[in-house]
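*Asks:* The structure is given below, and queries will be raised subsequently.
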Amino acid sequence: MSYTCTATSFPIKVPHTLFHSRKFNDVFPKNQILGTLSFSSKKNSRFGFTNQTISLSQCCSQTNFLSTMDEDCKLEVSSTDIPEGYCKELEIAVRAVHMACLLCQRVQDNLLSKTSEQVHSKEDNSPVTIADWSVQAIVSWVLSEAFGSENVAIVAEEDVEVLSKASSVGLLEAVVRTVNECLADAPRFGLKGPGTDLDAKSVLAAISRCNLAGVRGSKFWVLDPVDGTLGFVRGDQYAIALALIEDGEPVLGVLGCPNYPMKKEWLSYQNGYRRILSRLTSQTSVSGDRGSVLYARKGGGKAWMQPLLYGEKNFVWPNSAKQIKVSSIDNPALATFCEPVEIANSSHSFTAGLAHSVGLRNQPLRVYSMVKYAAIARGDAEIFMKFARAGYKEKIWDHAAGVLIIEEAGGVVTDAGGRPLDFSKGVYLEGLDRGIIACAGAKLHEKIIRAVDASWNSSSL
């Protein structure tokens with residue numbers, strides 16, 4: 000299927016040459032048409048501009064991996080919305096994360112409905128579930144099929160050590176079953192499935208493909224399949240985090256937040272109560288508001304939030320996406336700050352003292368996972384501060400996607416010395432100055448940085 004583009008205005012002469020010309024990232028042709036475009040789906044139609052014909056596959060580098068979209072899909076795109084790169088990467092990543100979110104919802108519902116043996120422990124004693132391995136396999140498989148496994152390098156949290164043990168046959172079977180159930184839904188998300196079920200060997204290969212040894216060059220994906228596993232097993236907030244890193248910086252970020260509602264007013268309820276309301280809400284209602292996916296592209300100056308699919312609906316890009324922006328509050332007395340729930344790898348006492356010193360009056364919002372980044376990007380909170388205890392090292396998959404989304408929504412994220420985070424040193428954020436500070440705006444960020452400098456010497460971190 001092709002799309003008809005009608006130019007309604009051309010403020011400047013076309014075509015315009017893009018500066019992106021990397022071999023793997025040439026997702027737009029050298030000649031880009033600028034203007035206000037109206038897309039409507041019509042079979043066998045072509046783009047027509049200034050005596051030049053461009054097909055949809057040329058414009059967005061789509062392949063037959065994307066299945067036919069909804070015939071009624073309409074998308075208004077202005078000249079400022081046309082991305083300068085990573086068109087296909089962003090769309091595939093968002094679709095994959097949507098799939099992963101629904102997989103996690105099913106696993107979490109099953110986990111909470113019975114006394115389950117689906118929770119296991121890793122060497123660092125953090126819980127890991129079938130969802131972690133299944134999501135990693137799904138995202139790895141989707142990206143590899145879309146771009147070719149030889150072109151995809153992924154760094155992710157999970158490995159196959161536990162799954163490969165002879166005593167884990169039942170666990171592996173459950174993961175394989177969960178993966179295949181999810182991939183069977185691929186056409187709903189505009190993706191082509193594998194045709195036949197993946198066997199255990201294929202699933203293990205997809206999971207194990209995601210390791211630092213597979214990184215070649217300065218461009219790679221980073222994935223946390225279930226960020227905030229404690230929140231996941233407790234029925235609370237968690238996230239699926241996927242980012243594309245290039246030259247040490249995130250260039251794409253996607254956050255799937257299956258329990259983070261589109262409606263802000265639902266945030267006032269305790270999570271358990273919200274889950275009950277979610278189940279009572281009609282699945283055919285547009286208020287199927289249980290979860291969301293947030294995403295952004297570096298340099299786009301915009302961040303977006305989409306509702307998760309509900310009922311039997313199909314995913315149609317951009318799936319009712321709404322632009323989100325950080326809060327305009329720059330007075331610490333009116334700001335709300337987020338901090339991790341877990342005390343094992345962060346200091347609540349230091350952040351409490353810091354909050355007091357800058358005049359923060361609101362109670363801290365303690366949230367599992369990168370949902371904290373989502374809260375700031377959407378304007379539900381203004382500050383996120385994390386100061387790790389001695390010996391703890393921040394991992395890149397816990398921050399990459401969230402950092403970019405906040406920045407494109409208008410916020411600021413640095414270490415406590417005001418320096419950008421460096422994602423080029425392996426699985427850890429090496430050289431981090433004390434901690435991480437994310438704020439809704441530059442003025443608020445400056446005040447927090449100054450307060451950290453003033454308070455640090457008196458702390459015991």
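Just so we're aligned, residue 0 is where the sequence shown starts under numbering that gives the first Met the number 0, counting upward by one.
From the three backbone atoms N, C-alpha and C, an ideal C-beta is built for every residue, glycine too.
If the criterion is Cβ atoms closer than 8 Å, does the pair W220 and I137 meet it?
*Replies:* Indexing the sequence shown from 1 puts residue 220 at position 221. Indexing the sequence shown from 1 puts residue 137 at position 138. Cβ distance not < 8 Å, so W220 and I137 don't count as in contact.
*Asks:* Based on DSSP bridge pairs, tell me the residues matched to I153.
*Replies:* For the purposes of this step, residue 153 is taken as residue 154 along the sequence shown, with counting starting at 1. Paired residue(s): C209 and W220.
*Asks:* Can you give me the start and stop residues for the beta strand (DSSP E) that Y294 sits inside?
*Replies:* By one-based count along the sequence shown, residue 294 stands at place 295. Segment S291 to R296, the beta strand (DSSP E) holding Y294.
*Asks:* So for A441, helix, strand or coil by DSSP?
*Replies:* Position 442 of the sequence shown, counting from 1, holds the residue named residue 441. Note: A441 maps to helix in three-state DSSP.
*Asks:* Could you pull the start and end residues of the beta strand (DSSP E) that V411 belongs to?
*Replies:* Here residue 411 is taken as the residue at index 412 of the sequence shown, counted from 1. V411 to D414 is the extent of the beta strand (DSSP E) around V411.
*Asks:* If you reduce the DSSP assignment to three classes, tell me which class K263 lands in.
*Replies:* Here residue 263 refers to the residue found at position 264 when the sequence shown is read from its first residue. Residue state, collapsed to three classes: helix.
*Asks:* Would you identify the three-state DSSP class for K312, choosing helix, strand or coil?
*Replies:* Counting from one through the sequence shown, the residue named residue 312 turns up at place 313. DSSP places K312 in coil when its eight states are reduced to three.
*Asks:* Rounded to whole angstroms, what's the CA-CA distance from T62 to E157? Just pull it up for me.
*Replies:* In the sequence shown, counting from the first residue as 1, residue 62 sits at position 63. In the sequence shown, counting from the first residue as 1, residue 157 sits at position 158. Annotation note: pLDDT 43 at T62 (below 50); position unreliable, no value reported.
*Asks:* Under 8 Å by Cβ, that's how I've got L222 and R296 pegged, so tell me the actual separation to the nearest angstrom.
*Replies:* In the sequence shown, the residue the question calls residue 222 occupies position 223. In the sequence shown, the residue the question calls residue 296 occupies position 297. Not really, about 17 Å apart at Cβ, beyond 8 Å.
*Asks:* Under three-state DSSP, which class holds V127?
*Replies:* On the sequence shown, residue 127 is found 128 positions in, with the first residue counted as 1. The answer is strand: DSSP assigns V127 an E or B state.
*Asks:* DSSP beta-bridge partners for I239?
*Replies:* In the sequence shown, counting from the first residue as 1, residue 239 sits at position 240. DSSP, once it has assigned bridges, lists G255 as partnering I239.
*Asks:* Helix, strand or coil: which one does DSSP assign to Y372?
*Replies:* Looking up residue 372 in the sequence shown gives position 373. Correct three-state label for Y372: helix.
*Asks:* Per DSSP, what are the beta-bridge partners of E248 in this structure?
*Replies:* Sequence index remark: in the sequence shown, residue 248 carries index 249 (1-based). Looking at the DSSP assignment, E248 forms a beta bridge with E245.
*Asks:* Given that a residue counts as buried once 16 or more other Cβ atoms are within 10 Å of its Cβ, and exposed if not, what is K73?
*Replies:* Position 74 of the sequence shown, counted from the first residue, corresponds to residue 73. Any reading at K73 needs caution, since the residue's pLDDT is 34, under 50, leaving its predicted position unreliable; the model's value is listed next. Exposed, since its Cβ has fewer than 16 Cβ neighbours within 10 Å.
*Asks:* Please tell me whether, using a cut-off of 7 Å, the distance from the CB of V225 to the nearest non-hydrogen atom of the ligand NAD is below it.
*Replies:* As presented, the structure is devoid of all ligands, the ligand NAD included, so that no description of it is given.
*Asks:* For the structure I just gave you, are there three or more beta carbon pairs, one from the region 182-193 and one from the region 253-260, closer than 8 Å?
*Replies:* With the cut-off at 8 Å, the region 182-193 and the region 253-260 do not touch.
*Asks:* State buried or exposed for R449, treating a residue as buried only when at least 16 other CB atoms are found within 10 Å of its CB.
*Replies:* The residue you call residue 449 lines up with position 450 of the sequence shown. So R449 ends up on the exposed side.
*Asks:* Measure from the alpha carbon of Y367 to the alpha carbon of each residue in Q107, G227 and R94, then state which is nearest.
*Replies:* In the sequence shown, counting from the first residue as 1, residue 367 sits at position 368. Closest option to Y367, Cα to Cα, is G227.
*Asks:* Looking only at its own chain, which residues have a Cβ that is under 6 Å from the Cβ of A130, when we skip the five neighbours before and after it?
*Replies:* Along the sequence shown, one-based indexing puts residue 130 at 131. Closer than 6 Å at the Cβ level, and outside the excluded window around A130, lie C103, V106 and V225.
*Asks:* Below 8 Å between beta carbons: does that hold for A387 and G434?
*Replies:* For the purposes of this step, residue 387 is taken as residue 388 along the sequence shown, with counting starting at 1. For the purposes of this step, residue 434 is taken as residue 435 along the sequence shown, with counting starting at 1. It is a contact, given that the beta carbons lie within the stated cut-off.
*Asks:* If you draw a straight line from the C-alpha of S454 to the C-alpha of L353, how long is it?
*Replies:* Mapped onto the sequence shown, residue 454 falls at position 455. Mapped onto the sequence shown, residue 353 falls at position 354. Distance between the alpha carbons of S454 and L353 is about 7 Å.
*Asks:* I'd like to confirm the pairing. Which residues does DSSP put opposite Q305 in its beta bridges?
*Replies:* For the purposes of this step, residue 305 is taken as the residue at position 306 of the sequence shown. Paired residue(s): V292.
*Asks:* Is G434 helix, strand or coil when you go by DSSP?
*Replies:* The sequence position of residue 434 within the sequence shown is 435, counting from 1. Strand at G434.
*Asks:* Which stretch, first to last residue, makes up the beta strand (DSSP E) that contains V118?
*Replies:* For the purposes of this step, residue 118 is taken as residue 119 along the sequence shown, with counting starting at 1. V118 to S120 is the extent of the beta strand (DSSP E) around V118.
*Asks:* I believe I395 touches V426 by the beta-carbon criterion, under 8 Å. Please report the beta-carbon distance rounded to the nearest angstrom.
*Replies:* To locate residue 395, count along the sequence shown from 1; it is residue 396. To locate residue 426, count along the sequence shown from 1; it is residue 427. Rounded, the Cβ-Cβ distance is 6 Å, consistent with contact.
*Asks:* Assuming R365 contacts V340 under a Cβ cut-off of 8 Å, what Cβ separation, rounded to an integer in Å, is found between them?
*Replies:* On the sequence shown, position 366 is the one that residue 365 refers to. On the sequence shown, position 341 is the one that residue 340 refers to. Confirmed, Cβ separation roughly 5 Å.
*Asks:* In whole angstroms, what separates the C-alpha of A441 from that of S166?
*Replies:* Residue 441 sits at position 442 when you count from the first residue of the sequence shown. Residue 166 sits at position 167 when you count from the first residue of the sequence shown. Those two C-alpha atoms are separated by around 53 Å.
*Asks:* How long is the line joining the alpha carbons of L419 and C100, rounded to whole angstroms?
*Replies:* Against the sequence shown, residue 419 aligns to sequence position 420. Against the sequence shown, residue 100 aligns to sequence position 101. Here the sequence assigns Pro to residue 419, which means Leu is not the residue at that position. About 29 Å.
*Asks:* CA-CA distance, A199 and L110?
*Replies:* Against the sequence shown, residue 199 aligns to sequence position 200. Against the sequence shown, residue 110 aligns to sequence position 111. One C-alpha to the other measures close to 22 Å.
*Asks:* For a test of the three-state rule: what should DSSP assign to I328, helix, strand or coil?
*Replies:* Here residue 328 refers to the residue found at position 329 when the sequence shown is read from its first residue. Correct three-state label for I328: coil.
*Asks:* Closest to Y391 by C-alpha separation, out of P363, M369, D432 and F383, would be which residue?
*Replies:* Numbered from its first residue, the sequence shown carries residue 391 at position 392. Nearest option by C-alpha distance: D432.
*Asks:* If you reduce the DSSP assignment to three classes, tell me which class L197 lands in.
*Replies:* To locate residue 197, count along the sequence shown from 1; it is residue 198. Coil.
*Asks:* Buried or exposed, going by whether 16 or more other CB atoms sit within 10 Å of the CB of S326?
*Replies:* Position 327 of the sequence shown, counted from the start, is the residue given in the question as residue 326. Looking at its Cβ environment, which holds 16 or more other Cβ atoms inside 10 Å, S326 is buried.
*Asks:* Quick check: the Cα distance between T177 and Q305, rounded to an integer number of angstroms?
*Replies:* Your numbering for residue 177 matches position 178 in the sequence shown. Your numbering for residue 305 matches position 306 in the sequence shown. Distance between the alpha carbons of T177 and Q305: 24 Å.
*Asks:* Are the beta-carbon atoms belonging to A302 and L308 less than 8 Å from one another?
*Replies:* Here residue 302 is taken as the residue at index 303 of the sequence shown, counted from 1. Here residue 308 is taken as the residue at index 309 of the sequence shown, counted from 1. Contact: no.
*Asks:* Of the choices M384, A374, S201 and G298, whose alpha-carbon is the least far from that of W132?
*Replies:* Walking along the sequence shown from the start, residue 132 turns up at place 133. For W132, the nearest C-alpha among the options comes from S201.
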